[in-house]
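**Student:** Okay, here's the structure, questions in a sec.
Residue numbers (the UniProt record's numbering): 1 to 232.
In structure tokens:
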């Protein structure tokens, strides 16, 4: 039997969220010369644009492959979307986050992650989350989940997919290519989860309501702010 505290609590709030459209706008409809400038980016705006235009840079191939994945899989089945996105990003290099410009545990935007070709566990989960939104997967089914990894003996982050709020989620993890139900991941102890609609404390399953707006998470708020910036 899967662990009950993996289940989201309470009813979903308003599902009218613009993040999927924002991601599509940023990377498909907005010209490259109008991409956002990120003040704290691991790869700067100028670097990202230049690397996408340089045919000798591996980053250009990664961006091309990523955009092609979204084009090719928008009409595919849900299982195919999950597998394709998980497989694509799990090819990237795992790099322990040592902080950037004095910022501890820096959360990369999807384009920063793709430009770098690697990142920490949260960078994998964030990139998978936004890519699945761009593929049309409903936001209420996706939760970026902060967990304790028993095997690693440290904090870890994964992406959970809930077909329905009361069903066991599937776990997308950069540490394994297998997309497994939570019951098959006893090595992970969920702590809290969030998406563009809200924040949930896993320990309080059945007792408390959701914790409110995910903007309460400063790193998430900063990430969304950097994604929303355009131009100067």
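Heads up, the beta-carbon is just placed ideally off N, CA and C, and yes, glycines get one too. Just so you know, these numbers come straight off a predicted model, no measurement behind them.
By how many angstroms is the C-alpha of residue 123 removed from the C-alpha of residue 70?
**Tutor:** In the chain shown, counting from the first residue as 1, residue 70 sits at position 70. In the chain shown, counting from the first residue as 1, residue 123 sits at position 123. So the alpha carbons of these two residues sit roughly 18 angstroms apart.
**Student:** DSSP three-state label for residue 59, please.
**Tutor:** Taking the first residue of the chain shown as 1, we reach residue 59 at position 59. Of the three classes helix, strand and coil, the one that applies to residue 59 here is helix, per DSSP.
**Student:** Can you name the start and end residues of the alpha helix (DSSP H) that residue 224 belongs to?
**Tutor:** By 1-based counting over the chain shown, the position of residue 224 is 224. Counting along the chain, the alpha helix (DSSP H) containing residue 224 begins and ends at 218-228.
**Student:** Quick test of the definition: if touching needs 3 or more C-beta pairs under 8 angstroms, does the stretch 120-139 touch the stretch 67-82?
**Tutor:** Because the criterion of three Cβ pairs below 8 angstroms is met, the stretch 120-139 and the stretch 67-82 touch.
**Student:** Using 8 angstroms as the threshold, is the stretch 189-204 in touch with the stretch 80-99, meaning 3 or more CB pairs across them?
**Tutor:** With the cut-off at 8 angstroms, the stretch 189-204 and the stretch 80-99 do not touch.
**Student:** As a quick exercise: from 196, 223, 161, pick the residue whose alpha carbon is nearest that of residue 81.
**Tutor:** On the chain shown, position 81 is the one that residue 81 refers to. Residue 81 has its Cα closest to that of 161, out of 196, 223, 161.
**Student:** Can you tell me the Cβ-Cβ gap for residue 62 and residue 117, rounded? I've got them flagged as a contact below 8 angstroms.
**Tutor:** By one-based count along the chain shown, residue 62 stands at place 62. By one-based count along the chain shown, residue 117 stands at place 117. So it is a contact: roughly 6 angstroms between Cβ atoms.
**Student:** Would you decide whether residue 93 is buried or exposed? Buried here means 16 or more other CB atoms lie within 10 Å of its CB.
**Tutor:** What you label residue 93 is simply residue 93 of the chain shown in a count that begins at 1. By the neighbour-count rule (16 or more Cβ atoms within 10 Å), residue 93 is not buried but exposed.
**Student:** Buried or exposed: where does residue 58 fall if 16 or more other Cβ atoms within 10 Å of its Cβ makes it buried?
**Tutor:** For the purposes of this step, residue 58 is taken as the residue at position 58 of the chain shown. Label assigned to residue 58: exposed.
**Student:** Can you tell me where the beta strand (DSSP E) with residue 190 in it begins and where it stops?
**Tutor:** Within the chain shown, numbered from 1, the residue matching residue 190 stands at position 190. Segment 188-194, the beta strand (DSSP E) holding residue 190.
**Student:** Buried or exposed for residue 186, please, with buried defined as at least 16 other CB atoms from any protein chain shown within 10 angstroms of its CB.
**Tutor:** On the chain shown, residue 186 is found 186 positions in, with the first residue counted as 1. Counting Cβ neighbours within 10 Å, residue 186 comes out exposed, since fewer than 16 surround it.
**Student:** On the criterion of 16 or more Cβ atoms from any shown chain inside 10 Å, does residue 143 qualify as buried, or is it exposed?
**Tutor:** Residue mapping note: residue 143 aligns to position 143 of the chain shown, counting from 1. Counting Cβ neighbours within 10 Å, residue 143 comes out buried, since at least 16 surround it.
**Student:** Got a sec? Which residues, its chain only, sit under 8 angstroms from residue 96 by beta carbon, not counting five neighbours each side?
**Tutor:** Along the chain shown, read from residue 1 onward, the residue named residue 96 stands at position 96. Excluding residues within five positions, the ones whose Cβ falls inside 8 angstroms are 120.
**Student:** With DSSP as the reference, please indicate the residues paired to residue 93 in a beta bridge.
**Tutor:** Residue mapping note: residue 93 aligns to position 93 of the chain shown, counting from 1. Its beta-bridge partners are 118.
**Student:** Specify the secondary structure class of residue 38 as computed by DSSP and reduced to three states.
**Tutor:** By one-based count along the chain shown, residue 38 stands at place 38. Residue placement at residue 38 is flagged as unreliable, the pLDDT there being 32, under the threshold of 50; the coordinate-derived value follows with that caveat. Three-state DSSP puts residue 38 in coil, outside helix and strand.
**Student:** So what's residue 170 in DSSP terms, helix, strand or just coil?
**Tutor:** Locating residue 170 in the chain shown gives position 170, where the first residue counts as 1. In this structure, residue 170 counts as strand in the three-state DSSP scheme.
**Student:** Pick helix, strand or coil for residue 71, following the three-state DSSP scheme.
**Tutor:** Numbered from its first residue, the chain shown carries residue 71 at position 71. In the structure shown, residue 71 sits in a helix (DSSP, three-state: H, G or I).
**Student:** By the 10 Å Cβ neighbour count, where 16 or more other Cβ atoms means buried, how is residue 154 classified, buried or exposed?
**Tutor:** For this step, residue 154 is matched to residue 154 along the chain shown. That one is exposed.
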